[in-house]
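Down below is the structure, laid out as structure tokens.
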Amino acid sequence: MTTQSSNIVFDDMFTINAIDKGGKKFDRVSRLYAHSKNYEMDMTLDVNIELFVIYDNQSFAMTLASSLTESVPGETANAEEKDRDIWRPDGKGRRGLEEQYDYVMYGKVYKFESNDKDNSEIVTAYASFGGLLMSLTGNYRHMSGIVLGDPIYILLRK
1 MTTQSSNIVF DDMFTINAID KGGKKFDRVS RLYAHSKNYE MDMTLDVNIE
51 LFVIYDNQSF AMTLASSLTE SVPGETANAE EKDRDIWRPD GKGRRGLEEQ
101 YDYVMYGKVY KFESNDKDNS EIVTAYASFG GLLMSLTGNY RHMSGIVLGD
151 PIYILLRK
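For the sequence shown, counting from 1, position 41 maps to 41 in the UniProt record's numbering; every step adds exactly one.
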């Protein structure tokens with residue numbers, strides 16, 4: 001799945017396998033377990049179910065981006081100018097990637113873990129979005145743009 005935006009570090013379609021396997025822990029948050037169609041990735045993600053209603057076997061698009069700006073290849077602008085006013089609560093800012101998705105969260109990649117037992121190429125990236133957690137497991141080649149310690153946006157669309 002390719003896009004115009006160079007800010008997108010991962011993009012794939014996922015299908016939900018299970019919701020709240022270990023039982024529901026919070027009133028408005030559910031933990032979904034999903035598998036991707038194109039890259040054979042596994043994801044565990046906490047979502048606010050009042051804002052993003054989910055069901056078993058539902059498919060959705062998931063994108064990880066370093067910024068919400070929609071940069072076009074060949075476009076030149078400094079980073080500060082590109083990010084200024086990208087999202088404003090009064091709606092007067094420039095439109096970004098968030099306009100194309102139903103659910104957006106901002107967070108940070110806090111951990112990378114590799115499966116060194118059998119010298120496999122499988123790694124897991126962990127991110128926290130204000131306490132809502134994500135783990136993304138799969139081939140390291142598909143997650144090369146995800147950097148430990150960097151801020152990241154997750155964007156979901158049904």
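Just so it is clear, CB atoms sit at the ideal spot from N, CA and C, and this is done for glycine as well. As the structure is a prediction and not an experimental result, all values here were calculated from the model.
Assumed close pair residue i, residue j - CB separation to whole angstroms, cut-off 8 Å
i          : j           : result
residue 10 : residue 143 : 6 Å
residue 49 : residue 31  : With a Cβ gap of about 10 Å, residue 49 and residue 31 do not count as contacting.
residue 25 : residue 33  : Actually they do not touch by this definition, with Cβ atoms about 14 Å apart.
residue 66 : residue 150 : 7 Å
Sub-8 Å separation of residue i and residue j beta-carbons
i           : j           : result
residue 132 : residue 47  : yes
residue 140 : residue 121 : yes
residue 152 : residue 45  : no
residue 97  : residue 68  : yes
residue 138 : residue 40  : yes
Residue i classed as buried or exposed, judged by whether at least 16 other C-beta atoms fall within 10 angstroms
i           : result
residue 70  : buried
residue 101 : buried
residue 158 : exposed
Chain C within 8 Å of residue i, Cβ atoms only
i           : result
residue 146 : The question asks about chain C, but that chain is absent: this structure has only one protein chain.
Delimiting residues of the beta strand (DSSP E) encompassing residue i
i           : result
residue 15  : 8-19
residue 137 : 132-139
> Would the stretch 101-109 and the stretch 10-24 be scored as touching if the rule is three or more Cβ pairs under 8 Å?
Replying inline: no
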